[in-house]
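Read through the structure below, which is laid out as structure tokens, and then see the notes.
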Amino acid sequence: MPSQPIYTGALKRVPPPASAPYASVAAPAPKTHPIPSSQQDSARTWLDEGDCTPRAAKPAAAVVFVRDGASGPETFITYRVKSPMGRVAFPGGLGVPEDAAPIGWVGPSGDYWAKAFSQDDLGAANAAVVTAVRELFEETGVLLAGSGELSTIELTSGHECMASRLAVAQQDKTFADYLERRGLKIRADLLKPLARWQSPGFFHKRYDIHYFTCAVPVGQNPFLLAGKGIWGRWVSVRELVAHPMSMELGNEIGQDDTVGVPFQELVTPGVMYLLEQLAAASGAVAFLAKRRQVSLYLPEVKQDAAGTCYLAVQEKKV
Numbered sequence: 001m002p003s004q005p006i007y008t009g010a011l012k013r014v015p016p017p018a019s020a021p022y023a024s025v026a027a028p029a030p031k032t033h034p035i036p037s038s039q040q041d042s043a044r045t046w047l048d049e050g051d052c053t054p055r056a057a058k059p060a061a062a063v064v065f066v067r068d069g070a071s072g073p074e075t076f077i078t079y080r081v082k083s084p085m086g087r088v089a090f091p092g093g094l095g096v097p098e099d100a101a102p103i104g105w106v107g108p109s110g111d112y113w114a115k116a117f118s119q120d121d122l123g124a125a126n127a128a129v130v131t132a133v134r135e136l137f138e139e140t141g142v143l144l145a146g147s148g149e150l151s152t153i154e155l156t157s158g159h160e161c162m163a164s165r166l167a168v169a170q171q172d173k174t175f176a177d178y179l180e181r182r183g184l185k186i187r188a189d190l191l192k193p194l195a196r197w198q199s200p201g202f203f204h205k206r207y208d209i210h211y212f213t214c215a216v217p218v219g220q221n222p223f224l225l226a227g228k229g230i231w232g233r234w235v236s237v238r239e240l241v242a243h244p245m246s247m248e249l250g251n252e253i254g255q256d257d258t259v260g261v262p263f264q265e266l267v268t269p270g271v272m273y274l275l276e277q278l279a280a281a282s283g284a285v286a287f288l289a290k291r292r293q294v295s296l297y298l299p300e301v302k303q304d305a306a307g308t309c310y311l312a313v314q315e316k317k318v
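Numbering-wise, UniProt numbering puts 69 at position 69 of the sequence shown, and it's gapless, one number per residue.
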């Protein structure tokens with residue numbers, strides 16, 4: 001019998017293009033996020049006044065801790081009083097001038113962080129990393145630092161560490177001085193860039209938030225700053241994302257501005273978006289290892305037919 005040709009799956013010829021005109025792919029619909037009732041008047045005024053120039057956004061940074069839990073990925077979130085970063089958010093805060101000062105450093109700097117966050121100012125990009133590490137230390141006690149590229153400090157508990165955290169938080173001493181005295185350098189290589197979000201234009205206090213992600217170093221555990229922290233713990237990300245209207249977490253926090261408030265109103269669009277990204281990950285390692293294109297997001301105020309204002313964010317790949 002004559003031999004039959006072996007099928008390889010390869011096309012014998014390239015088919016001609018279809019005669020129908022090319023149809024462009026529609027952009028995904030913007031994601032929406034509710035604006036709390038306490039901010040509705042400000043949002044409406046912003047829309048009514050038209051093309052207003054928003055206040056300058058102050059540099060800030062936050063860190064998304066990631067670990068695996070029984071119900072999937074977990075992260076550590078905290079409560080803040082009247083913070084533009086959200087009442088419930090990831091550990092982080094506002095940058096200070098000292099964050100731009102020279103400091104011991106291990107890992108990528110300069111061009112890497114500027115490119116990652118689409119910034120022209122290399123110094124500002126480096127300062128965002130320092131802000132993230134400093135705020136993490138102040139708020140949770142987790143210190144991303146070591147004596148060199150192969151070391152990371154393990155124990156950050158105890159009275160001396162708490163006293164140092166308070167001193168740095170109250171600006172009685174600089175973070176750089178604290179590290180230098182202990183012979184430590186920032187481990188910037190432990191951080192991964194996630195996203196950059198700016199507060200909506202109608203906010204009186206606006207932040208330009210640089211989001212990072214990392215795992216908590218071995219031997220360390222996050223715990224709140226004595227006399228400052230009110231609430232914070234590890235949470236199941238998938239449970240939070242699956243029940244955005246649940247008031248359970250707000251009731252657990254137990255503050256006047258959280259009791260009876262749905263979870264999605266306790267967080268900013270940036271926090272909710274990143275929680276959704278983390279919830280979709282197969283695990284902590286996969287989330288940390290994923291290569292991302294960081295984008296800048298600026299939520300826009302919109303109004304529905306009933307006159308209720310909300311935020312719209314055009315979803316982009318991060």
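Backbone N, C-alpha and C define an ideal beta-carbon position, used for all residues, glycine too. Values in this document were obtained by computation on a predicted structure and should not be read as measured data.
Q. If you draw a straight line from the C-alpha of SER157 to the C-alpha of ALA167, how long is it?
A. Stepping through the sequence shown from its first residue, residue 157 is reached at position 157. Stepping through the sequence shown from its first residue, residue 167 is reached at position 167. Approximately 15 Å between the Cα atoms of the pair.
Q | Reduced DSSP category for ILE186 - H, G, I as helix; E, B as strand; rest coil | A | Against the sequence shown, residue 186 aligns to sequence position 186. ILE186 falls in the strand class under three-state DSSP.
Q) Do ILE186 and LEU144 have their C-beta atoms closer together than 8 Å? A) Walking along the sequence shown from the start, residue 186 turns up at place 186. Walking along the sequence shown from the start, residue 144 turns up at place 144. The answer is yes: Cβ separation under 8 Å.
Q) Just how far apart, CA to CA, sit GLY123 and GLY110? A) Within the sequence shown, residue 123 is the residue found at index 123, counting from 1. Within the sequence shown, residue 110 is the residue found at index 110, counting from 1. Answer to the nearest angstrom: the Cα atoms are 7 Å apart.
Q: Please list, in chain order, all residues of the same chain as GLU265 whose beta carbon is under 7 Å from its beta carbon, the five residues on each side excluded.
A: For the purposes of this step, residue 265 is identified with residue 265 of the sequence shown, where counting begins at 1. Taken in chain order, the residues that qualify are PRO34 and PRO36.
**Q.** Given 8 Å, three or more beta-carbon pairs between the segment 63-78 and the segment 97-117
**A.** No: the two stretches stay apart, fewer than three of their Cβ pairs being nearer than 8 Å.
Q. In terms of alpha-carbon separation, which member of ARG165, GLY69, PHE203 and TYR178 lies closest to THR53?
A. As a working mapping, residue 53 is identified with position 53 in the sequence shown. Comparing alpha carbon positions, the residue from ARG165, GLY69, PHE203 and TYR178 closest to THR53 is PHE203.
Q | Enclosing beta strand (DSSP E) for THR53 [first to last residue] | A | Indexing the sequence shown from 1 puts residue 53 at position 53. Unbroken run through THR53: none, as it is neither H nor E.
**Q.** Bridge-paired residues (DSSP) for LEU311
**A.** Taking the sequence shown and counting its residues from 1, the one referred to as residue 311 is at position 311. Partner(s): HIS33 and VAL301.
Q. So is ALA286 in contact with chain B if we call contact Cβ pairs under 8 Å?
A. Going by chain labels, chain B is absent from the structure shown, which holds only one protein chain.
Q | Beta-carbon proximity list for ILE153, same chain, < 7 Å, skipping 5 on both sides | A | As a position in the sequence shown, residue 153 is number 153, starting the count at 1. Once the five neighbours on either side are set aside, the close Cβ partners of ILE153 are LEU143, ALA145, GLY146 and LEU184.
(Q) Please report the straight-line C-alpha distance between MET247 and LEU296, rounded to a whole angstrom. (A) Taking the sequence shown and counting its residues from 1, the one referred to as residue 247 is at position 247. Taking the sequence shown and counting its residues from 1, the one referred to as residue 296 is at position 296. Going from the Cα of MET247 to the Cα of LEU296 covers about 30 Å.
Q: Under 7 Å Cβ to Cβ from ALA100, same chain only, skipping five residues before and after it: list those, please.
A: As a first step, residue 100 is located in the sequence shown; it is residue number 100 there, counting from the start. So the qualifying residues of the chain are GLY123 and ALA127.
Q | Collapsed DSSP secondary structure at SER236 in the structure displayed | A | Here the question's residue 236 lines up with position 236 in the sequence shown. Strand at SER236.
Q: Might you give, ordered along the chain, the residues of its own chain that have their beta carbon closer than 8 Å to the beta carbon of GLY69, omitting 5 neighbours on each side?
A: Translated into the one-based positions of the sequence shown, residue 69 becomes position 69. Taken in chain order, the residues that qualify are TRP234 and SER236.
Q) If you scan the segment 76-117 from start to end, which runs of the beta strand (DSSP E) of 3 or more residues do you find wholly inside it? A) As far as the segment 76-117 is concerned, its whole beta strand (DSSP E) runs of at least 3 residues are 92-94.
Q. Cβ atoms of VAL313 and PRO269: under 8 Å apart, would you say?
A. By 1-based counting over the sequence shown, the position of residue 269 is 269. By 1-based counting over the sequence shown, the position of residue 313 is 313. It is a contact, given that the beta carbons lie within the stated cut-off.
Q) Who are the near neighbours of GLY283 in its chain, counting only those whose CB is closer than 8 Å to its CB and skipping five residues on each side? A) Residue mapping note: residue 283 aligns to position 283 of the sequence shown, counting from 1. Taking GLY283 as the centre and dropping the five residues before and after it, the same chain places the C-beta of ASP68, GLY72 and PRO73 closer than 8 Å to its C-beta, in chain order.
(Q) With DSSP as the reference, identify every bridge partner of VAL64, one or two as the case may be. (A) Your numbering for residue 64 matches position 64 in the sequence shown. Bridge partners of VAL64 according to DSSP: THR213.
Q.
Can you confirm whether the segment 129-139 touches the segment 89-97 when touching is taken to mean that 3 or more C-beta pairs between the two stretches lie within less than 8 Å?
A. Yes, the segment 89-97 is in contact with the segment 129-139.
Q. Which residue's Cα is closest to the Cα of LEU136: LEU224, ALA289 and GLU252?
A. One-based indexing of the sequence shown puts residue 136 at position 136. Residue LEU224 is the option with its Cα nearest to LEU136.
(Q) So, with DSSP's three-state summary, where would you put VAL25? (A) Locating residue 25 in the sequence shown gives position 25, counting from the first residue. Any answer about VAL25 is weak, because its pLDDT of 48 lies below 50 and its placement is not dependable; what the coordinates show is given next. Looking at VAL25 - three-state DSSP - the assignment turns out to be coil, as it is neither helix nor strand.
Q | Extent of the continuous beta strand (DSSP E) run through ARG196 | A | As a working note, residue 196 is residue 196 in the sequence shown. Unbroken beta strand (DSSP E) run through ARG196: 192-198.
Q. Using DSSP with H/G/I as helix, E/B as strand and the rest coil, what is GLY123?
A. Translated into the one-based positions of the sequence shown, residue 123 becomes position 123. Helix, per DSSP.
Q.
Within 10 Å of its beta-carbon, does GLU49 have 16 or more other beta-carbons around it, so buried, or fewer, so exposed?
A. On the sequence shown, residue 49 is found 49 positions in, with the first residue counted as 1. With fewer than 16 Cβ atoms within 10 Å of its Cβ, GLU49 is classed as exposed.
Q: Compare the Cα-Cα distances from TRP197 to each of HIS243, ALA188, TYR207 and GLU138 and report the closest residue.
A: As a first step, residue 197 must be located in the sequence shown, where it is residue number 197. Relative to TRP197, the option among HIS243, ALA188, TYR207 and GLU138 whose CA is nearest is TYR207.
Q: Specify, as a first and last residue, the run of the alpha helix (DSSP H) that SER42 falls within.
A: Against the sequence shown, residue 42 aligns to sequence position 42. 40-48 is the span of the alpha helix (DSSP H), which, as asked, contains SER42.
Q: Can you give me the Cβ contacts of GLN119 inside the same chain, cut-off strictly under 7 Å, excluding the 5 residues immediately before and after it?
A: Start at 1 with the first residue of the sequence shown, and residue 119 comes out as number 119. Taking C-beta separations shorter than 7 Å and ignoring five residues to either side along the sequence, the partners of GLN119 in its chain run ALA125, following chain order.
Q. What whole-angstrom Cβ distance do VAL106 and ALA188 have, given they're in contact under 8 Å?
A. In the sequence shown, counting from the first residue as 1, residue 106 sits at position 106. In the sequence shown, counting from the first residue as 1, residue 188 sits at position 188. Confirmed, about 6 Å.
Q: Specify the secondary structure class of PRO73 as computed by DSSP and reduced to three states.
A: Within the sequence shown, numbered from 1, the residue matching residue 73 stands at position 73. Reduced to three states, the DSSP call for PRO73 is strand.
Q) Would you call LEU311 buried or exposed, if buried means 16 or more other Cβ atoms sit within 10 Å of its Cβ? A) Residue numbering aside, residue 311 sits at position 311 when the sequence shown is read from its first letter. Label assigned to LEU311: buried.
Q | Residue environment, GLU160, which counts as buried when at least 16 other CB atoms sit within 10 Å | A | Along the sequence shown, read from residue 1 onward, the residue named residue 160 stands at position 160. Under this definition GLU160 is an exposed residue.
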